[in-house]
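Just so you know, this note's numbering puts -11 at position 1 of the sequence shown, and the rest follows in order with no gaps. First the structure, in the form of structure tokens, and then the observations on it.
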Amino acid sequence: MQGSWELPEEELKDMLARIARICTSQEFQDLRLELEAIYRRENAENAYLAAFQDALYALFVQGEEALDSS
């Protein structure tokens, strides 16, 4: 299948565990709420979903060290 890729099972499990740690962190919850408020104020479509995705992406690319230091 063109353009498809697969992660080895262990890498996939590690990535899912990382996402779970991010989503349950206080930093994620605070950022999501702050972004959601901004998006709602600006009448963004699907403010909750956009805020969730943006907060997750921001913390995911920031790395584990951000969660460890909070």
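No residue lacks a Cβ here, since even glycine has one placed at the ideal position from N, Cα and C. For clarity, every value in this text was computed on a predicted model and none was experimentally measured.
- Contact check for L23 and A5: beta-carbon distance about 24 Å, past the 8 Å limit, so the pair fails to qualify.
- Assignment of A32 by DSSP, reduced to helix, strand and coil, places it in the coil class.
- Cβ contact annotation for R20 (same chain, cutoff 7 Å, sequence separation greater than five): A39, F40 and A43, in chain order.
- A direct Cα-to-Cα measurement between Q14 and L47 gives close to 12 Å.
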